[in-house]
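Residue numbers (the working numbering): 32 to 283.
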């Protein structure tokens, strides 16, 4: 059903949907329709003939998105009220934005320059972050952030055994199994990505700023030793991407 239809009949279906969600949460089972997606490629930039220039957006169940919004709000409240998120992350957070990210960077770098320091900056992009996110590591990180019990079990069920197909000009591909990642265009996906990347900057010598899957690492580089420190930060982040790295603040 389209969103317009759902809005029209919202008062009639609110209670049944609430019952379904309650039973789904208690049982740790997510209906199959909530775990399927039609993929629509949206053009980003560059040549239209190259597939890498398109962003795959998942069109998922509208009712499931309502359920996701409930869980998202509770997750965000838990993370923010317990100060579990690093302030380096400026994406998908209330009070943070691309502008706050840039202003923080500008203020810090200006202070370094005023001190007559050279500043080394590295820009990183976690390619296809939404698509490559590991389910197993995400669930471990959810638990490390104090998200356990029914919510964690439901989230794992929502992520696993997903299927998707490409929809283009009224034509559909065959259904394919999804082995990693969170659906682009979902309500819960961005919050899960923020949790997954929360410990990225732990133990780094330089300053770190993140916006969703983009990262800046920067600090003064006035000697060969300081340049080596910046290189060590890159090596550390590379190891995080390959093997995972746990922040001491989340270790039990």
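Yeah, the Cβ is synthetic: ideal placement off N, Cα and C, and Gly gets one too.
What you are looking at is a predicted structure, and each value in this text was computed from that prediction instead of being measured.
**Item:** Residue environment, residue 170, which counts as buried when at least 16 other CB atoms sit within 10 Å
**Value:** Counting from 1 along the chain shown, the entry for residue 170 is found at position 139. Residue 170 should be labelled buried.
**Asked** Expressed to the nearest angstrom, what Euclidean distance is found between the alpha-carbon atoms of residue 34 and residue 93?
**Response** The count along the chain shown starts at 1 and reaches residue 34 at position 3. The count along the chain shown starts at 1 and reaches residue 93 at position 62. Rounded to the nearest angstrom, the two C-alpha atoms are 7 Å apart.
**Asked** If you run the structure through DSSP and keep just helix, strand and coil, what is residue 250?
**Response** Walking along the chain shown from the start, residue 250 turns up at place 219. Here residue 250 sits in strand by DSSP.
**Message:** If distances are taken between C-alpha atoms only, which option among 50, 210, 253 comes closest to residue 143?
**Reply:** For this step, residue 143 is matched to residue 112 along the chain shown. Comparing Cα-Cα distances from residue 143 to each of 50, 210, 253, the minimum goes to 253.
**Prompt:** Excluding sequence positions up to five away, which residues of its chain have a Cβ less than 6 Å from the Cβ of residue 73?
**Reply:** In the chain shown, the residue the question calls residue 73 occupies position 42. If we look at residue 73 and ignore the five residues flanking it on each side, its Cβ neighbours are 86, 88.
**Prompt:** Can you give the Cα-Cα distance for residue 110 and residue 176, rounded to whole angstroms?
**Reply:** One-based indexing of the chain shown puts residue 110 at position 79. One-based indexing of the chain shown puts residue 176 at position 145. The alpha-carbon separation between residue 110 and residue 176 amounts to approximately 8 Å.
**Asked** Distance, Cα to Cα, residue 42 vs residue 90?
**Response** Position 11 of the chain shown holds residue 42. Position 59 of the chain shown holds residue 90. Residue 42 and residue 90 have their C-alpha atoms roughly 24 Å apart.
**Request:** May I ask which residues mark the beginning and end of the beta strand (DSSP E) holding residue 209?
**Result:** Numbered from its first residue, the chain shown carries residue 209 at position 178. That run of the beta strand (DSSP E) goes 207-209.
**Asked** Which residues in the same chain have their Cβ closer than 6 Å to the Cβ of residue 258, if we skip the five residues on either side of it in sequence?
**Response** Stepping through the chain shown from its first residue, residue 258 is reached at position 227. For residue 258, the CB contacts under 6 Å within the same chain, skipping 5 residues up- and downstream, are 252 in chain order.
**Prompt:** Roughly how many whole angstroms lie between the Cα atoms of residue 166 and residue 158?
**Reply:** Translated into the one-based positions of the chain shown, residue 166 becomes position 135. Translated into the one-based positions of the chain shown, residue 158 becomes position 127. The alpha-carbon atoms of residue 166 and residue 158 are separated by roughly 17 Å.
**Prompt:** Do you know how far the Cα of residue 268 is from the Cα of residue 137?
**Reply:** Locating residue 137 in the chain shown gives position 106, where the first residue counts as 1. Locating residue 268 in the chain shown gives position 237, where the first residue counts as 1. Straight-line Cα distance between these residues: approximately 23 Å.
**Message:** On the CB-based measure, 16 or more other CB atoms within 10 Å of its CB, does residue 286 come out buried or exposed?
**Reply:** For residue 286 there is no data in the structure shown, the boundaries of the chain being 32 and 283.
**Prompt:** Can we count residue 204 as close to the ligand PLP, meaning its CB is less than 7 Å from some heavy atom?
**Reply:** Summarising the ligand content, the structure contains no ligands, and the ligand PLP is consequently not present.
**Prompt:** Would you call the stretch 99-114 and the stretch 193-213 touching, i.e. three or more CB-CB distances under 8 Å?
**Reply:** Using a C-beta cut-off of 8 Å, the stretch 99-114 makes no contact with the stretch 193-213, since fewer than three inter-stretch Cβ pairs fall below that distance.
**Asked** Where in the stretch 120-168 do unbroken runs of the alpha helix (DSSP H), each at least 4 residues long, occur, reported from the N-terminal end onward?
**Response** With a minimum length of 4 residues, the continuous alpha helix (DSSP H) runs that stay inside the stretch 120-168 are 129-145, 160-163.
**Buried or exposed (CB count within 10 angstroms, at least 16 for buried), residue 119** = Stepping through the chain shown from its first residue, residue 119 is reached at position 88. Under this definition residue 119 is a buried residue.
**Prompt:** According to DSSP, is residue 175 helix, strand or coil?
**Reply:** Numbered from 1 along the chain shown, position 144 holds the residue referred to as residue 175. Helix, per DSSP.
**Asked** If you drop the 5 nearest sequence neighbours on each side, which residues of the same chain put their C-beta closer than 8 Å to that of residue 236?
**Response** Here the question's residue 236 lines up with position 205 in the chain shown. Excluding its 5 nearest sequence neighbours in each direction, residue 236 has C-beta neighbours in its own chain below 8 Å: 250, 260, 261, 263, 264, listed in chain order.
**Message:** Can you tell me whether residue 215 is buried or exposed? The criterion is at least 16 other CB atoms within 10 Å of its CB, across all chains shown.
**Reply:** Here residue 215 refers to the residue found at position 184 when the chain shown is read from its first residue. Label assigned to residue 215: buried.
**Prompt:** Which residues in the same chain have their Cβ closer than 7 Å to the Cβ of residue 51, if we skip the five residues on either side of it in sequence?
**Reply:** Reading the chain shown from its first residue, position 20 is the one you call residue 51. Contacts found: none.
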